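Chains Z and X are the protein sequences, given in the same order.
Sequence positions in the first sequence follow the working numbering and run -12 to 243.
Sequence positions in the second sequence follow the working numbering and run -12 to 243.
Beta carbons: idealized from backbone N, C-alpha and C, even for Gly.
Since we're looking at a predicted model, the values are computed, not measured.
First up is the structure itself, then whatever we jot down about it.
Protein chains: 2
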Amino acid sequence: MTSRQTRTRDRSDRGIPEATVARLPVYLRALHSLQDRGVATVSSEELAVAAGVNSAKLRKDLSHLGSYGTRGVGYEVEYLVYQISRELGLTQDWVVAIIGVGNLGRALAGYGGFASRGFRVAGLLDADDEIVGEEISGLTVEHIDRLEDIIGERGVSIAVIATPAGAAQGVCDRVVASGVTSVLNFAPVVLSVPEGVDVRKVDLSIELQILAFHEQRKAGGPDEFDALDGAAPKAAAPPGPPPGATPTQYVEAVEA
Amino acid sequence: MTSRQTRTRDRSDRGIPEATVARLPVYLRALHSLQDRGVATVSSEELAVAAGVNSAKLRKDLSHLGSYGTRGVGYEVEYLVYQISRELGLTQDWVVAIIGVGNLGRALAGYGGFASRGFRVAGLLDADDEIVGEEISGLTVEHIDRLEDIIGERGVSIAVIATPAGAAQGVCDRVVASGVTSVLNFAPVVLSVPEGVDVRKVDLSIELQILAFHEQRKAGGPDEFDALDGAAPKAAAPPGPPPGATPTQYVEAVEA
DNA sequence: AATTGTGAAGATCTTCACAGCC
DNA sequence: GGCTGTGAAGATCTTCACAATT
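Here you go:
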């Protein structure tokens, strides 16, 4: 199969663990909020509470960026904001295109959190002629036929895919062919991309399913046979057709 | 501080690792897709490819549910769909309320992925009188004053918070007080909830920031001094005011 | 012959607990 | 005295590789 190794990150890799990277934006938000309240200095314990993590974890995370705190005192808020922003690459602007202007695409186009953090939406694209031409949040929706031109001309470096599931892989192939190496995918499909392209996925339905799992557990595990024997959870029914009632409908709806 | 331990899951805990739970919905989607194509049996390798994971991981994940495969053959698709669905609690219906009917709330209300997987949206609530009364996806938006009644009367067990950041914690407190113990939060804040309440968070801006980090790395690390000395990355500037240019604007916009 | 299920090794992530510094 | 930065221990997650089973 294709190469995999060296996943943690390219070369050079000053080695910030992925788990840490995923939390830096949370710290950043908490810091901004402190800044707004005029707080100049913060301890790891305070910031950890604001960010919803353990303070040892916070300190270790920050230690990967450098030694930016002062023992006995804490961290200077403004300075830390700057360092984290720089590490995340937010001191420069990133040009984003949103592909698929349905309900979700519109919501994304109007989302204030983009602009405020150095993400500039430079294109809204859709395949539907009804939608093309419409103005949304100050941008005119363009036809997806112009995808390659738009990406090239405007220097788009992040593509947000908010199309129906069926269209997502095709769109993804096109943006990747146009040189985009970062994709945020809202369509409920697993996108396959070449080595070197980063895909992050946001899936509303998956989040709900995870909640349902825990909710069910609170109520007392999967209804039927739970702990019959103390031994290994051997099959209570052989892998023939499902036991008891038919497994409900389970239609794969087109979703989104 | 408050108790923490025993986080992995309540008591009884037939012990499905959290990482596995998070992947089960992905497998389920891949299986549905196979089902649609009329596939009756699948090997771990095939399913793994469809789900975008390593096949050993897939087998280990499934082994936590039981022994539902047949050596030398593979897994029966329909049976596996049933077992995963049951484990995730999708053989019953979950009643969902969406609070905050802005762009995002509308997108969520119209999202097909909910209904098709046993999630029934039974309420759309908003504080804005302009919006209350509007009909969206077959539901009439109700006033948030009725939150407690609606949750109680309709048996809502999962609350989706899609309000502006400032309103989220207040709404969260109210849904929790009404007995909801599962919350899906789209507002860009850390919600604090009592022990026993599950919160999952979806944050668009955070995903983009993570992408930006990797994108920047591909281009060659944070612009300035990168690897100066071979020693520890000691502070290149003391924790005084930020070095060089002012750290841009960094306004904490109201977002959403 | 093919494929599952799983011990064991390895990698990554979290937490503890305390030395080191202000 | 207070708080950071971090080695070391512990927990969790991933991957390998192969015995078990059909």
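Under DSSP, Tyr62/Z takes part in a beta bridge, and its partners are Val29/Z and Gly56/Z. Annotation: the continuous beta strand (DSSP E) that includes Ser169/Z extends over Ser169 to Asn172. The alpha carbon of Thr78/Z has as its nearest neighbour, out of Leu15/Z, Pro151/Z and Ser169/Z, the alpha carbon of Leu15/Z. Assignment of Arg187/Z by DSSP, reduced to helix, strand and coil, places it in the strand class. For His51/Z, the closest Cβ of chain X is not nearer than 7 Å. The beta carbons of Ile145/Z and Ser169/Z sit closer together than 7 Å. Against chain Z, the beta carbon of Ser165/X has no neighbour under 9 Å; the closest one sits roughly 15 Å away. Residues of chain Z whose Cβ lies closer than 7 Å to the Cβ of Gln203/X are, in chain order, Gly76.
Spatial neighbours of Leu67/Z in its own chain (CB-CB distance under 7 Å, excluding positions within 5 residues in sequence) are listed in chain order as Leu18 and Tyr55.
Put simply, of Ala199/X, Leu11/X and Ile3/X the residue whose alpha carbon is nearest the alpha carbon of Phe106/Z is Ala199/X.
The contact set of Gly39/X on chain Z, defined by CB atoms closer than 7 Å, consists of Val177 in chain order.
Sequence-ordered contacts of the segment 63 to 93 of chain Z with chain X read Glu63, Glu65, Tyr66, Val68, Tyr69, Ser72, Arg73, Glu74, Leu75, Gly76, Leu77, Thr78, Trp81, Asn90, Leu91 and Arg93 [C-beta pairs closer than 7 Å].
Distance from the Cα of Ala38/Z is smallest, within the candidate group Gly183/X, Glu194/X and Val177/X, for Val177/X.
Going by beta carbons, Ile131/X and Ala109/X fall outside the 7 Å limit. Taking a C-beta distance under 7 Å as the contact criterion, Asn172/X and Val184/X do not qualify as a contact pair.
Each of Gly2/X, Pro4/X, Ile3/X and Leu11/X was checked against the Cα of Glu194/Z, and the nearest Cα belongs to Leu11/X.
Contact between Gly97/Z and Asn90/X holds, with the beta-carbon distance rounding to 5 Å and staying under 8 Å.
Cβ proximity to chain X below 8 Å picks out Ala37 and Ala38 from the segment 27 to 38 of chain Z.
Here the C-alpha atom of Gly59/X lies approximately 24 Å from the C-alpha atom of Asp23/X.
Taking the Cβ atoms as the reference, Leu112/Z lies roughly 6 Å from Leu134/Z, within the contact range of under 8 Å. Ser169/X belongs to the set of residues whose beta carbon lies under 7 Å from a beta carbon in chain Z. In terms of Cα proximity to Leu191/X, the closest of Phe101/Z, Ile137/Z, Val36/Z and Ile197/Z is Phe101/Z.
Residue environment: Pro175/Z is assigned as buried (16 or more neighbouring CB atoms within 10 Å of its CB, all protein chains considered). Bridge pairing for Glu129/Z: Leu112/Z [DSSP]. By the 16-neighbour rule on beta-carbons within 10 angstroms, Asp136/Z is exposed. For the pair Val147/Z and Gly157/X, the Cα-to-Cα distance works out to about 31 Å. The beta carbon of Asp185/Z sits closer than 7 Å to some beta carbon of chain X.
Contact of Ser144/Z with chain X is assigned, a C-beta pair being separated by under 7 Å.
The alpha-carbon separation between Glu182/X and Cys159/X amounts to approximately 14 Å. Tyr62/X is the residue among Tyr62/X, Asp116/X, Ser20/X and Ile123/X whose C-alpha sits nearest the C-alpha of Ser31/X. What Pro181/Z touches in chain X, judged by beta-carbon distance under 8 Å, is nothing: the nearest beta carbon there is about 13 Å away. Bridge partners of Val82/X according to DSSP: Arg107/X.
By the beta-carbon neighbour count (other beta carbons within 10 angstroms, threshold 16), Asp48/X is buried. Interface criterion met: the Cβ of Gly97/X is under 7 Å from a Cβ in chain Z. Annotation: the continuous beta strand (DSSP E) that includes Val147/Z extends over Ile145 to Ile148. Per DSSP, the unbroken alpha helix (DSSP H) holding Tyr14/Z starts and ends at Glu5 to Asp23.
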